[in-house]
Amino acid sequence: MRTTPSIASRPLAAPPPFELAIALTGEDRVAAAMHLYRDLIARRRRNVLIVTGIALLLIAVGQLSTSWGGRGRGDFALMGRNFLDALVGPTGILLAAFALAGGIAYVFFGASTRHRLRRWYRNEGLVAPMPCSYRLHDSGLDSNEPYHRSHIPAWRLRQLADGAEHFFIEIEGIDDLVALPKRDLSAEQQAQLQDWARSCIGHAAAPAPGIREQSETPPAEEALDLRFHLTLEDRTAAVIRQQERFWPRSRLLRRTTFGLVLALLLVPAVMLVLWSIDPDRVPFELALPLFAEMAVKTFWPISAALCGLILLGHFATPLFMRLNARSLARTLHQRVSDDEVRVLISPEGAASRQRGLESSYDWAAFTGVERRGDHIFVVLRRGDPLVLPVRVLNSDQMQLFDRLAATHIGRPGEAA
1344 MRTTPSIASR PLAAPPPFEL AIALTGEDRV AAAMHLYRDL IARRRRNVLI
1394 VTGIALLLIA VGQLSTSWGG RGRGDFALMG RNFLDALVGP TGILLAAFAL
1444 AGGIAYVFFG ASTRHRLRRW YRNEGLVAPM PCSYRLHDSG LDSNEPYHRS
1494 HIPAWRLRQL ADGAEHFFIE IEGIDDLVAL PKRDLSAEQQ AQLQDWARSC
1544 IGHAAAPAPG IREQSETPPA EEALDLRFHL TLEDRTAAVI RQQERFWPRS
1594 RLLRRTTFGL VLALLLVPAV MLVLWSIDPD RVPFELALPL FAEMAVKTFW
1644 PISAALCGLI LLGHFATPLF MRLNARSLAR TLHQRVSDDE VRVLISPEGA
1694 ASRQRGLESS YDWAAFTGVE RRGDHIFVVL RRGDPLVLPV RVLNSDQMQL
1744 FDRLAATHIG RPGEAA
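Under the numbering used here, residues 1344 to 1759 are what the sequence shown spells out, in order.
Put into structure tokens, the structure is as follows:
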């Protein structure tokens, strides 16, 4: 019997470089996002149970205080009977409703998150298959997408995660990964991928901080060379932009309008249902005047309160979105390394470098420029935009950027 543990070690000889050609779809992007943010999703899912538990506790404590403050105060037996009697009435219905809503939200949280991601990628035009090619070698990973090429050094690779339908190559220090769908990989290619991961990932040493990249070249005369560190405010601005694109004002207005209509019709609908199931109901022509009188004198405060809550939610939604954006940006800021970002923009295209990570873009990869406050977003056809803080550009550089954008993109400084 074997008693020593089996330890995966680096092969004596690195496997030869090999290439993969796949077609990334919207579902692959959804799976990548679900894997990348799985810890955040699990935390939000747990928060659903916490909020539900707090709501149930407050309702129960409120009912207990009501039972305690009634007649027979100090009689614990009477208080218990009053509380149990309330559980079979409106209080019990309210508790059951909150418990059911919280349970449903918890069980289907993953499915709802996946649905929102699908809608996001559909709105961004990232559903259609996109051809991608990858070259995996002992120095890292090279990728080639339409109008976009990148290099990830071996020391930046964290691990190869084996999912149900994908392999995920996780990257150290940045909030990104490479998703490889198994449907496009043969059994031999999957074995090669795992051999490459054992040989390459976790064995390369990171360069010392502060050392310049060997591939750095002096910028051309008509080119921008920007160096900066992304701050919490920069990431907050990027998250707010994503949230506003995912949840535009028109959709918020439609949701509020639908809520107001539902609030106005809810009480009449409940009364109509109660009248229809009443075995001793009076004829409709006699019940209608009585119902109209009750709606004017009795039911309107309930409808007004519901409408007030919906309007409060409408005006509070932008505030909560900004608070959520700052909280999410703070979490993302803590997850990544504080590396210097170098952005080169020239007549040939744009390039981004971040301590070993290199990405180059043709001008055809960009669709426009958005100016939002103190940030410029150079929008890509696929993927997150390049973020340029205005603070890193002086007046001459801003003029050069506008000139390059006008020449090659055609929409310099266009507002979102």
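Each residue gets a CB set at the ideal place from its N, CA and C atoms; glycine is no exception.
Looking at the unbroken beta strand (DSSP E) that takes in residue i, where does it start and where does it end?
i, result
"G1711", "F1709 to R1715"
"G1483", "G1483 to E1488"
"I1495", "H1491 to P1496"
"V1730", "L1729 to P1732"
"R1696", "G1692 to Q1697"
"A1366", "F1361 to L1367"
"S1703", "L1700 to Y1704"
So, does the CB of residue i fall closer than 7 angstroms to a CB anywhere in chain D?
i, result
"V1616", "Among the chains in the structure shown there is no chain D, since it carries only a single protein chain."
Check residue i in the structure and name its three-state DSSP category.
i, result
"L1723", "strand"
"H1480", "strand"
"R1570", "strand"
"F1451", "coil"
"E1513", "strand"
"V1521", "strand"
"L1631", "helix"
"I1688", "strand"
"L1500", "strand"
"P1474", "strand"
"H1458", "helix"
"H1718", "strand"
"P1550", "coil"
"I1752", "coil"
"L1469", "coil"
"N1390", "helix"
Starting from residue i, follow the alpha helix (DSSP H) in both directions and report where the run begins and ends.
i, result
"A1507", "Looking at the DSSP string, A1507 is not in any alpha helix (DSSP H), and its letter there is neither H nor E."
"S1680", "Careful: S1680 lies outside any alpha helix (DSSP H) and carries neither H nor E."
"I1583", "L1575 to F1589"
"L1776", "Not covered by the structure: residue 1776. The range shown for the chain is 1344 to 1759."
"T1641", "Taken as a continuous stretch (DSSP letters only), T1641 belongs to no alpha helix (DSSP H), as it is neither H nor E."
"A1540", "A1530 to C1543"
On the premise that residue j lies in contact with residue i, defined as a C-beta separation below 8 angstroms, what is that separation, rounded to the nearest angstrom?
i, j, result
"D1705", "Y1477", "No, D1705 and Y1477 are not in contact; Cβ-Cβ is about 19 angstroms, not under 8 angstroms."
"S1702", "S1482", "Their Cβ separation, rounded to whole angstroms, is 16 angstroms, which puts S1702 and S1482 out of contact at 8 angstroms."
"R1372", "F1452", "Incorrect: roughly 20 angstroms between the Cβ atoms, too far for contact."
"V1684", "L1573", "6 angstroms"
"Q1586", "A1659", "Their Cβ separation, rounded to whole angstroms, is 15 angstroms, which puts Q1586 and A1659 out of contact at 8 angstroms."
"A1497", "C1543", "5 angstroms"
"A1635", "W1618", "At roughly 13 angstroms, the Cβ-Cβ gap does not stay under 8 angstroms, so A1635 and W1618 are not in contact."
"L1569", "V1686", "5 angstroms"
"G1369", "R1461", "7 angstroms"
"G1435", "V1679", "At roughly 48 angstroms, the Cβ-Cβ gap does not stay under 8 angstroms, so G1435 and V1679 are not in contact."
Could you say which of the options lies nearest to residue i if we only look at CA atoms?
i, options, result
"T1674", "T1368, L1383 and I1393", "L1383"
"T1456", "C1475, F1511, A1374 and P1644", "A1374"
"I1365", "S1486, R1746 and L1567", "S1486"
"A1448", "L1662, V1394, G1435 and M1473", "V1394"
"A1648", "T1750, A1749, G1602 and D1518", "G1602"
"E1362", "Q1742, L1596 and C1475", "C1475"
Using a threshold of 6 angstroms, is the CB atom of residue i nearer than that to any non-hydrogen atom of the ligand HEM?
i, result
"T1456", "What this structure holds is no ligand at all, so the ligand HEM is not there to describe."
The stretch 1501 to 1517 contacting the stretch 1529 to 1548, beta-carbon criterion three pairs below 8 angstroms: The stretch 1501 to 1517 vs the stretch 1529 to 1548: in contact.
Contact the stretch 1521 to 1537 vs the stretch 1726 to 1743: 3+ CB pairs below 8 angstroms: Because the criterion of three Cβ pairs below 8 angstroms is not met, the stretch 1521 to 1537 and the stretch 1726 to 1743 do not touch.
Validate contact between the stretch 1394 to 1406 and the stretch 1457 to 1472 using beta carbons, cut 8 angstroms, 3 pairs: With the rule of 3 Cβ pairs closer than 8 angstroms, the stretch 1394 to 1406 does not count as touching the stretch 1457 to 1472.
At least three beta-carbon pairs within less than 8 angstroms, the stretch 1715 to 1724 to the stretch 1598 to 1610: No: the two stretches stay apart, fewer than three of their Cβ pairs being nearer than 8 angstroms.
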